[in-house]
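Participant: Letter by letter, the sequence shown follows residues 1 to 164 of my numbering.
The beta carbon of each residue, even a glycine, is placed where N, CA and C say it ideally should be.
The structure presented is a predicted model; accordingly, all values stated were derived computationally and were not measured.
Have a look at this one before I ask anything.
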Amino acid sequence: MKSKIVQLFEQVQKISYNIGKFDKDLVNPDIPYGDCRHKSELLYSLLSKEGYKVKKLKVEFNWKDLPIPKNILDILKISATIFPHNLLLVKINNKWIKVDCTWNPELENKGFPITKNWDGETDTKQITKGKLKFYKEEAYIKKRKTIKEEAFKFAEGLNKYLSS
Numbered sequence: 001m002k003s004k005i006v007q008l009f010e011q012v013q014k015i016s017y018n019i020g021k022f023d024k025d026l027v028n029p030d031i032p033y034g035d036c037r038h039k040s041e042l043l044y045s046l047l048s049k050e051g052y053k054v055k056k057l058k059v060e061f062n063w064k065d066l067p068i069p070k071n072i073l074d075i076l077k078i079s080a081t082i083f084p085h086n087l088l089l090v091k092i093n094n095k096w097i098k099v100d101c102t103w104n105p106e107l108e109n110k111g112f113p114i115t116k117n118w119d120g121e122t123d124t125k126q127i128t129k130g131k132l133k134f135y136k137e138e139a140y141i142k143k144r145k146t147i148k149e150e151a152f153k154f155a156e157g158l159n160k161y162l163s164s
């Protein structure tokens, strides 16, 4: 039988990845899709309700470290491809582990790093296998300027690619 943390992780992980507007008040177990913000917020809420000690974490990653077509990456001309990402730290057996439920299992077919058969006691796979820089959420200061119009076009292109 799977532990409660693994059940909740898989429940949230199965939600389709899709970049969209984030409103914390609208995040609930019935959301049809979400990005790292929606999914980490939902898992944070579910784990907290179950009594787990949970912290929010930020990481800077590079979209180029993921199997995304060049024509989509090229949309980010001014903004560049290094972006912030949300995940969680969960205390298990007196040890803080990194838990990232971002990529839904279907994205394995496109080459994304998917956590399968997680044991609930060690770090999950992270957003990419590339270089990552972690920050406590409250200590993270966004250093890079993102051009909103560019980011919206990128999100639109990525969402279309991932759903194809």
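Within the continuous alpha helix (DSSP H) that includes Asn-86, where are the two ends?
Facilitator: Position 86 of the sequence shown, counting from 1, holds the residue named residue 86. Counting along the chain, Asn-86 falls outside any alpha helix (DSSP H), though it belongs to the beta strand (DSSP E) covering 82–92.
Participant: Strictly by DSSP, which residues pair up with Asn-62?
Facilitator: Taking the sequence shown and counting its residues from 1, one reaches residue 62 at position 62. Ile-82, per the DSSP bridge assignment.
Participant: By the three-class DSSP mapping on this structure, what secondary structure does Val-27 have?
Facilitator: Sequence index remark: in the sequence shown, residue 27 carries index 27 (1-based). Here Val-27 sits in coil by DSSP.
Participant: Only counting the same chain, and skipping five residues up and downstream in sequence, which positions put a Cβ closer than 6 Å to that of Asp-65?
Facilitator: As a position in the sequence shown, residue 65 is number 65, starting the count at 1. Contacts found: Thr-128 and Gly-130.
Participant: Does the Cβ of Phe-154 have 16 or more other Cβ atoms within 10 Å, making it buried, or fewer, making it exposed?
Facilitator: Here residue 154 corresponds to residue number 154 of the sequence shown, with the count starting at 1. So Phe-154 counts as buried.
Participant: Check each candidate in Thr-122, Lys-77, Lys-136 and Ala-139 and name the one with the smallest Cα separation from Lys-91.
Facilitator: On the sequence shown, position 91 is the one that residue 91 refers to. For the residues Thr-122, Lys-77, Lys-136 and Ala-139, the minimum Cα distance to Lys-91 belongs to Thr-122.
Participant: Between which two residues does the beta strand (DSSP E) containing Lys-133 stretch?
Facilitator: If you number the sequence shown from 1, residue 133 lands on position 133. First-last of the beta strand (DSSP E) with Lys-133: 133–136.
Participant: Which partner residues of Trp-96 appear in the DSSP bridge assignment?
Facilitator: Walking along the sequence shown from the start, residue 96 turns up at place 96. Its beta-bridge partners are Lys-91.
Participant: Below 7 Å between beta carbons: does that hold for Asn-109 and Tyr-17?
Facilitator: The sequence position of residue 109 within the sequence shown is 109, counting from 1. The sequence position of residue 17 within the sequence shown is 17, counting from 1. No. Outside cutoff.
Participant: For Val-59 versus Lys-39, is the C-beta spacing smaller than 7 Å?
Facilitator: Walking along the sequence shown from the start, residue 59 turns up at place 59. Walking along the sequence shown from the start, residue 39 turns up at place 39. Not a contact, by the Cβ cut-off of 7 Å.
Participant: Verify whether the separation of the beta carbon atoms of Arg-37 and Phe-61 is less than 7 Å.
Facilitator: Mapped onto the sequence shown, residue 37 falls at position 37. Mapped onto the sequence shown, residue 61 falls at position 61. No, the Cβ-Cβ distance between Arg-37 and Phe-61 is not below 7 Å.
Participant: Judging by CA-CA distance, which residue of Lys-49, Lys-55, Phe-152 and Leu-158 is the nearest neighbour of Leu-107?
Facilitator: To locate residue 107, count along the sequence shown from 1; it is residue 107. Checking every option, the nearest Cα to that of Leu-107 belongs to Leu-158.
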